[in-house]
Each structure stands twice: as structure tokens, then as C-alpha cells.
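Residue numbers (the numbering used here), protein chains in the order written: chain S, 8 to 144; chain W, 8 to 144.
The structure under discussion appears below in the form of C-alpha cells.
Number of protein chains: 2
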Amino acid sequence: MTDISTLKKSKQRDAILAFLSNRKDHPTADTVYMNVKNDFPSISLGTVYRNLTQLSDLGIIGRINMGGTLPDRFDPNPEPHLHFLCRGCGCLSDLDVGPLPDLAALADEHFDGRIDSCVTLFYGYCEKCLAMESGLS
Amino acid sequence: MTDISTLKKSKQRDAILAFLSNRKDHPTADTVYMNVKNDFPSISLGTVYRNLTQLSDLGIIGRINMGGTLPDRFDPNPEPHLHFLCRGCGCLSDLDVGPLPDLAALADEHFDGRIDSCVTLFYGYCEKCLAMESGLS
DNA sequence: ATAAAAACGATAATCATTACTATTTTTATC
DNA sequence: GATAAAAATAGTAATGATTATCGTTTTTAT
Chain S
8 MTDISTLKKS KQRDAILAFL SNRKDHPTAD TVYMNVKNDF PSISLGTVYR
58 NLTQLSDLGI IGRINMGGTL PDRFDPNPEP HLHFLCRGCG CLSDLDVGPL
108 PDLAALADEH FDGRIDSCVT LFYGYCEKCL AMESGLS
Chain W
8 MTDISTLKKS KQRDAILAFL SNRKDHPTAD TVYMNVKNDF PSISLGTVYR
58 NLTQLSDLGI IGRINMGGTL PDRFDPNPEP HLHFLCRGCG CLSDLDVGPL
108 PDLAALADEH FDGRIDSCVT LFYGYCEKCL AMESGLS
């Protein structure tokens, strides 16, 4: 149960993956649902959640927790990488800055147990929102 | 509405704060509720949530999102600091390692918008769980 | 004392997510 | 190709954390 060959073929899952692979905005399960519905009018939200959860458990896609009561976001790229959430428009994007220090490794050096990973989410204002702000007042 | 003087006195809130201030384990709202109930048998979970939310909004306590469907945890210390979640026993604790690089500042240098903060949660196994693991097999 | 504002307790509502179940699809085998 | 077990689906109910509502009680300024 560690790779995709353990799953039976499913048109719905293929459509979910196809939709997700074209997106850079890390959509929610509901957004995936509404879009895949165009091709599969009878698909259910539960099916979308089941497939997204399976795919992220298998390491085929990524799942991003947004904190609070915000819905999770899904990412065609399963590799650990950094994300940025804009306080202005709420957009979520990959954070394309150069390499940053590996906090988990640094923290592990001074920790009594063992630290194997960490998850970081960045907050601020995206380029667009900064532009709008300076345009006002 | 930016400090505690904007709130009216409340015995329930005092009890919630008193309970929380003695704890280093970052309890959930439900844990706070069950404990404060000893002194206020008629307190409701909604009151606990309302007070905890107010207090964290005012910067008097901290609120920690755990990801997934896990309930939030509350921290008597409102200052931004790092937390560690043990994959073994599920305990949440402050991460007392020396100072770590300021990722938000580093990332901001190479970002088109503005990054003002980031939240990091560390994962691994606590000292106790490591000891149990090596004791097995 | 008193009246407006805020907090309370009880409970209902919300929202994301998961679980359940009968039916349909996939896939390995004949 | 027939077929039967396993997995997936659609529809829907359930769960769990959190927030909202509302009539009552407490706080606080006058």
C-alpha cells in the first residue's frame, strides 16, 4: 500500500489528478469537486475527499493545512516545499525564494528527543495586494 | 479593543486563566472546560471557547493550530515561540532549543510581496517515547 | 438604585471531513 | 468473453471542533 499500483483504476481519480496537475493555486477539495463535476456530474464530494486523501497518503500529491477552520488545500507537487498565504486576498502560492536553513535539523541538535521534520507556513501580502494598498489613500 | 481592560470582569475567565497559567502541556479547550468545571459546575463549553478566543485575540494567551482535525491547543505564553508535537504520545511542548534563524526575515529578502511572519511546528519523538522504543524488541 | 453593555449557559448551527451502505466498476481467473 | 472477489462510487448520515443565537444574569458607569 505504498504506491499508486495498489489502487484500482478510476476515471474519477484520473480526472481529479488531471485537474490538480494544471493548477498552481492549491485548490480546496470543494474547488476540485466543483470543477471535476463538469466532466462527472454525479461525482460526490466524498469521492473527491477519499481520492485526495489516498493520493496524499501515497505521496503522490501534497496536502496543506491552513490553520483555524480553513479547509485544507491540495498541491500537485508532493515534495516538501514552502508555502505563502496572503493576508490580503487569501491566495496560497509556492514560496519561491532560495534555499532556507533546515530548522528541523538545527533544532534536533539541541533537543532531548528526536526531531525529524517541521512544517512552516509564511504569511504576509502578495505583490498584487501590496500594489493595491499603495494605490489607495 | 486591544487590551484586557476592554473586557468586563468575569469569574469564569479568571478561572480559565488561572487554570491555564499553571500548565505547560498546552491543553485543548475541552480539557480547560473539564477542569474549570470543578469550580464552576455550570460553565459551558461555549463560554470556554469564547474566553479562550478573546484572550488569544487580545494577545494574552497563545493559540496553536495542530493541523488535520486535531483541536487547537492553548498556551499561557502569548509570545511567539516554537512548539514540538510528539508522533508517539501526542504530547505538545515548548521547543527549548537555542535561537533559530528567522525564516520569515530570510524569506522576505527574496520575495516579491512582503512576508511578515511564519508559523512552524516541529515533529518527532519525545525523550520518553525514544526511551520506550529502545526498550522494546 | 438603575440601566446599558457585556458575559453567561444552553443549545442550535456551521463547516470540514470521515464513515456507512447499497450499487457499480475494475481486474484477475477461468 | 463469463464471472466473482475486491475496490470504488454516489448518496447520505455522522462526527467533531468551533461559532452563533438568545433569553437570562452579571458587571459597571452614572
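Even glycine gets a Cβ: it sits at the ideal position worked out from N, Cα and C.
Keep in mind the model is a prediction, meaning the values are calculated, not measured.
Proximal chain S residues relative to residue i, where beta-carbon distance stays under 8 angstroms
i, result
"ARG30 (chain W)", "Residues of chain S passing the Cβ test: none, with the nearest at roughly 20 angstroms."
"PRO108 (chain W)", "LEU107, PRO108, LEU110 and LEU113"
Test item: CB-CB of residue i and residue j under 7 angstroms
i, j, result
"SER124 (chain W)", "TYR130 (chain S)", "yes"
"GLU140 (chain S)", "ASP119 (chain W)", "no"
"LEU128 (chain W)", "VAL126 (chain S)", "yes"
"ARG70 (chain S)", "PHE81 (chain S)", "yes"
"HIS88 (chain W)", "LEU99 (chain W)", "no"
"PRO78 (chain S)", "THR38 (chain S)", "no"
"PRO108 (chain S)", "PRO108 (chain W)", "yes"
"SER28 (chain W)", "PRO83 (chain W)", "yes"
"TYR132 (chain W)", "ARG121 (chain S)", "yes"
Under 7 angstroms by beta carbon: chain S residues contacting residue i
i, result
"HIS33 (chain W)", "Going along chain S, no residue has its Cβ under 7 angstroms from HIS33 (chain W), so there is no contact; the nearest lies around 15 angstroms."
"ASN72 (chain W)", "GLY74 and GLY75"
Beta-carbon proximity list for residue i, same chain, < 6 angstroms, skipping 5 on both sides
i, result
"ASN58 (chain W)", "ARG20 and ILE23"
"ASN42 (chain W)", "PHE26"
"TYR40 (chain W)", "LEU52 and VAL55"
"SER17 (chain S)", "none"
Coil, strand or helix - residue i by DSSP
i, result
"ILE67 (chain W)", "coil"
"VAL126 (chain W)", "strand"
"SER141 (chain W)", "helix"
"PHE81 (chain W)", "strand"
"ASP101 (chain W)", "strand"
"MET8 (chain S)", "Note on MET8 (chain S): pLDDT 49, under 50, position unreliable in the model; the coordinate value appears next. Three-state result, MET8 (chain S): coil."
"THR76 (chain S)", "coil"
"CYS136 (chain W)", "helix"
"PHE118 (chain S)", "coil"
"LEU62 (chain S)", "helix"
Closer than 7 angstroms at the beta carbon, the chain W residues around residue i
i, result
"ASP119 (chain S)", "GLU134"
"LEU137 (chain S)", "GLY120 and ARG121"
Where residue i meets chain W, residues with beta-carbon distance less than 8 angstroms
i, result
"CYS125 (chain S)", "THR127, LEU128, PHE129 and TYR130"
"ILE68 (chain S)", "Within chain W, no residue comes near ILE68 (chain S); the closest Cβ sits about 16 angstroms away, beyond 8 angstroms."
"VAL104 (chain S)", "LEU113, ALA114, GLU116, HIS117 and PHE118"
Own chain, CB closer than 8 angstroms to residue i, minus 5 neighbours either side, in chain order
i, result
"PRO85 (chain S)", "SER63, GLY66, ILE67, ILE68 and GLY69"
"LEU110 (chain W)", "CYS125 and THR127"
"ASP10 (chain S)", "LEU65"
Beta-carbon contacts of residue i that lie in its chain and below 7 angstroms, excluding the five residues immediately before and after
i, result
"ASN72 (chain W)", "ASP79"
Chain-ordered neighbours of residue i on chain W, where CB pairs are closer than 9 angstroms
i, result
"PHE81 (chain S)", "Going along chain W, no residue has its Cβ under 9 angstroms from PHE81 (chain S), so there is no contact; the nearest lies around 14 angstroms."
Stretch-stretch touch, CB-based, cutoff 8 angstroms, three pairs: the segment 56-67 of chain S with the segment 97-117 of chain S: no
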